[in-house]
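Participant: Can you read through this structure? Questions will come right after.
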């Protein structure tokens, strides 16, 4: 049997969900027997593959690049999992929403800068006006709240998704967990 | 001779129960261990039916009625947990989450929040509605407590406990509908208000909207269970 293709994606989040994913520790070895990690911040692939079975997405959609990326991920993934509160609900990145990106950029790059005061405008992607959860852009198949979801939550959820067994998410995790 | 007790018999979720006239559906259900989720209701203060989580179906009525403020009547048939009610309850919770800025991960009430646990219990894993992201004030003028309106769900427990139990009536509601805001005195800073510093409002607040400044992180359990005892002691005097 060929292995399932698993991808993990990092949008606007702190990488804590990826850390928690890695906290599965020795269970990652069992996981590696049944899945190939074909794309992830922790592997080398630079382009999102054409066909992915399960995509775990961390982070909210905060920039034009995030929006482009999530649409690409959706188009090439059979099952898309919103991983953690940022992807599910906006969470900390969305705390800038009431005041807008200009205020944030000004504070970081003008008011608090000792020298070279300028707002980055090349190479880095432009910020969207509002940070939003990924399901406001694409269809999400599974919502896994938590900040971050625990390693046990990842293990239970991935096991259920791979084997096709029923998955009771509220029994595993919640917002802010 | 004591007057005869006026007994009503009714059916809640196929269970035949009896109640005293004037009792609410919620009271009777709790007496018989039938669970109805609530948020604005709190043992020890009056009920206002603000949150609508306790809505139940009553046979013969096309309206859903809040169990906390609906009195029982003879022959009443109540359903507390139909699919329709479950859908409405999840929608109510999602509306509450979308209305203000509930960022659980950085909230002082994380892990001790009634809104958060109700979402988990009712199976809310995400919000289908767009978030409103309103800009709301945080009042830290009080030397002991803070009011963070980002987390307020307008349940008015603070208003009721301050008025009915403490007798100070510092808190009230300003504005209407989605623009409503809990205010102290005539919209004065909490620290400059007639607050007695008793802290009851903080203990009854179901979320992280009112919190003790000495608490950090998510270390803020609340203890609203003192209310029924306090009332009992006062009655006994």
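Residue numbers (this note's numbering), protein chains in the order written: chain A, 1 to 177; chain B, 1001 to 1237. Even glycine gets a Cβ: it sits at the ideal position worked out from N, Cα and C.
1) Out of curiosity, what's the CA-to-CA distance linking residue 1190 (chain B) and residue 1132 (chain B)?
2) Whether or not the region 1046–1057 of chain B and the region 1147–1167 of chain B are in contact is what I'm after, with contact meaning three or more pairs of Cβ atoms, one per stretch, closer than 8 Å; do they touch?
3) Residue range of the beta strand (DSSP E) that residue 62 (chain A) falls in?
4) Is there contact between the region 157–170 of chain A and the region 113–123 of chain A, where contact requires at least three CB pairs shorter than 8 Å?
5) Taking only runs of the beta strand (DSSP E) that begin and end inside the region 1102–1184 of chain B, which ones reach a length of at least 3 residues, in chain order?
6) Check the Cβ-Cβ distances between residue 135 (chain A) and every residue of chain B, and say whether any is below 8 Å.
7) In the region 1189–1219 of chain B, which residue ranges form an unbroken alpha helix (DSSP H) of at least 4 residues, counting only runs that do not cross its ends?
8) With distances taken Cα to Cα, identify the nearest neighbour of residue 144 (chain A) among A:80, A:107, A:100.
9) Go through its chain and collect everything with a Cβ distance to residue 1097 (chain B)'s Cβ below 6 Å, but skip five positions before and after it.
10) Does any C-beta atom of chain B lie closer than 8 Å to the C-beta of residue 176 (chain A)?
11) So, for residue 156 (chain A): in the same chain, excluding its five sequence neighbours on each side, which residues have a beta-carbon less than 7 Å away from its beta-carbon?
12) Can you find a CB in chain B that lies within less than 8 Å of the CB of residue 98 (chain A)?
13) When you check each C-beta in the region 145–158 of chain A against every C-beta of chain B, which residues fall closer than 8 Å?
14) Is the Cβ of residue 1037 (chain B) closer than 8 Å to any Cβ of chain A?
15) Can you give the Cα-Cα distance for residue 3 (chain A) and residue 160 (chain A), rounded to whole angstroms?
16) For residue 1028 (chain B), name the three-state secondary structure that DSSP assigns.
17) Pairs of beta-carbons, one from the region 1135–1149 of chain B and one from the region 1180–1196 of chain B, closer than 8 Å: are there three or more?
18) Taking Cβ to Cβ, would you say residue 1057 (chain B) is nearer than 8 Å to residue 1008 (chain B)?
19) Which residue wins for smallest C-alpha separation from residue 25 (chain A), given the options A:91, A:102, A:154, A:174?
20) Please name the residue, chosen from A:70, A:100, A:147, that lies closest to residue 15 (chain A) on a Cα-to-Cα basis.
21) In chain B, which residues lie less than 7 Å from residue 90 (chain A) when you measure between Cβ atoms?
22) To the nearest angstrom, how far is it from the Cα of residue 1054 (chain B) to the Cα of residue 1081 (chain B)?
23) Should the region 104–120 of chain A be regarded as contacting the region 39–50 of chain A, the criterion being three or more beta carbon pairs within less than 8 Å?
24) I'd like to know if residue 143 (chain A) contacts chain B, where contact means its C-beta is closer than 8 Å to some C-beta of that chain.
25) Under 8 Å, do residue 1195 (chain B) and residue 1159 (chain B) count as touching if we go by C-beta distance?
26) Kindly identify the DSSP beta-bridge partner or partners of residue 1011 (chain B).
27) Where does residue 1222 (chain B) fall in DSSP's three states?
28) Is the Cβ-Cβ distance between residue 98 (chain A) and residue 1134 (chain B) less than 8 Å?
29) Counting only C-beta atoms, is residue 1156 (chain B) closer than 8 Å to chain A at any point?
30) To which residues of the same chain is residue 183 (chain A) closer than 8 Å at the C-beta, ignoring the five residues directly before and after it?
31) Run through DSSP, which three-state label would residue 101 (chain A) get?
32) Straight-line CA distance for residue 96 (chain A) to residue 130 (chain A)?
33) Considering Cα atoms alone, identify which of B:1105, B:1050, B:1185, B:1130 is closest to residue 1099 (chain B).
34) What residues from the region 110–135 of chain A come within 8 Å of chain B, judged by C-beta to C-beta, listed N to C?
Facilitator: Reading it off the structure:
1) 26 Å
2) yes
3) 61–63
4) no
5) 1145–1148, 1171–1174, 1181–1184
6) yes
7) 1200–1204
8) A:80
9) 1127
10) yes
11) 172
12) yes
13) 145, 147
14) no
15) 16 Å
16) helix
17) yes
18) no
19) A:154
20) A:147
21) 1131
22) 10 Å
23) no
24) yes
25) no
26) B:1016, B:1077
27) coil
28) yes
29) no
30) For residue 183 (chain A) there is no data in the structure shown, the boundaries of chain A being 1 and 177.
31) helix
32) 8 Å
33) B:1130
34) 130, 132, 133, 135
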